[in-house]
Amino acid sequence: MPCTAARSGSGIRYPAAVNPNPSSPSPDTSATQATAPSFVYLASQSPRRRQLLDQIGVRHVLLLPNADGDAVVEDAEAIEAPRPGEAPARYVQRVTGLKLDAAVARHARRGLEPAPILCSDTTVALGRDILGKPDDEAHARQMLARLSGSTHRVLTAVAVQVPGGARHAALSVSQVRFAPMTTEQIAAYAASGDPLGKAGAYGIQGPAARYVERIAGSYTGIMGLPLFETAQLLRQAGLPG
């Protein structure tokens, strides 16, 4: 269920019960920290991941890079660059770990209230080839032509950092079968703009669903946040549920 949110000057969305000023803790802060955290920081700009956390009732605060007044400029594209010959599973786990490292540093730099930090990354793999986000419409058409009539994997890594403690991680791997697409269908979908910003040049929850013949695995993992694995990690981090 979506939570009521207030907006602070830093551009970070806080649930109403979360105090955005760590120097002035709310009356029940110490009790909350002594028992279990009441929310998580989500280090992701994906609206789908926010919606999925809302779906399972996880209260969250966005912890995004390059907010107003942030002294450090972060380069997400550099983090997401694959290494030569890197296996897709290794790639997505490495990138998720790097993004979580950056989020932990961001949290410390901003002096925010302690809470678990959640990070996730998704990639599409055709064999050992990693299909990231398309550069433009033409690149999207190329990717979709490769996916047409074939089965590919969608890998989503999730990691949670406990304040001052352990890091928990999981990997979800699903298979997606695309029906054959005509050149006209590929061109029309690419021109819609929906493929941009999405690994593999498509989102299963959008118009591309009409071309998905079958899946095996986690539907929410294909969307970008496998809820079963995420819920397990959050329980390990101390959140109820």
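full-length UniProt numbering applies: residue 1 is where the sequence shown begins, and numbers increase by one.
Idealized CB from N, CA, C, for every residue including glycine.
Mind checking which residues open and close the alpha helix (DSSP H) that includes residue i?
i	result
residue 284	As shown, the chain starts at 1 and ends at 241. That puts residue 284 outside it, with no answer to give.
Gln185	Thr183 to Ala191
Gln142	Glu137 to Leu147
So residue i and residue j are supposed to be a Cβ contact under 8 Å. How far apart are they, rounded?
i	j	result
Ile215	Val176	5 Å
Thr96	Ala157	4 Å
Pro116	Pro37	6 Å
Met181	Tyr202	Not really, about 10 Å apart at Cβ, beyond 8 Å.
Leu234	Val40	7 Å
Leu100	Ala166	Not really, about 12 Å apart at Cβ, beyond 8 Å.
Ala76	Pro65	7 Å
Taking only three categories from DSSP, how would you classify residue i?
i	result
Arg235	helix
residue 268	Nothing can be reported for residue 268, as the shown portion of the chain is limited to 1 through 241.
Leu171	strand
Arg214	strand
Gln51	helix
Ala157	strand
Tyr219	helix
Ala209	helix
Arg83	coil
Val176	strand
Val40	strand
Rounded to the nearest angstrom, what separates residue i and residue j at their Cα positions?
i	j	result
Gly127	Gly224	20 Å
Gly200	Ala138	13 Å
Ala108	Gln185	47 Å
residue 255	Cys119	An answer regarding residue 255 cannot be provided, because it is not within the stretch 1 to 241 covered by the chain.
Ala125	Gly132	9 Å
Tyr219	Arg141	24 Å
Tyr189	Gly206	11 Å
Ala105	Thr183	46 Å
Val154	Leu112	33 Å
Ile79	Gly149	31 Å
Pro82	Asp54	31 Å
Gly221	Lys198	13 Å
Gln129	Val72	It should be noted that the sequence gives Asp, not Gln, for residue 129. About 33 Å.
Thr4	Ala145	A caution first: Thr4 carries a pLDDT of 38, below 50, which makes its placement in the model unreliable, though a value can still be read off. So the two alpha carbons sit approximately 43 Å from each other.
Leu98	Ile56	26 Å
Gln236	Ile204	29 Å
Ala179	Gly164	47 Å
Pro226	Ser46	14 Å
Gly217	Gly85	25 Å
Ala67	Met143	32 Å
How is the beta strand (DSSP E) around residue i delimited, first residue to last?
i	result
Leu63	Per DSSP, Leu63 belongs to no beta strand (DSSP E) and is neither H nor E.
Ile79	It is not in any beta strand (DSSP E) - Ile79 instead sits in the alpha helix (DSSP H) that spans Ala76 to Glu80.
Asp70	Unbroken run through Asp70: none, as it is neither H nor E.
Leu131	Asp129 to Leu131
Ile117	Ile117 to Leu126
What are the residues that DSSP puts in a beta bridge with residue i?
i	result
Tyr202	According to DSSP, Tyr202 bridges with nothing at all.
So is the beta-carbon of residue i under 6 Å away from any non-hydrogen atom of the ligand NAD?
i	result
Asn66	Among the components modelled here there is no ligand, and therefore nothing to report on the ligand NAD.
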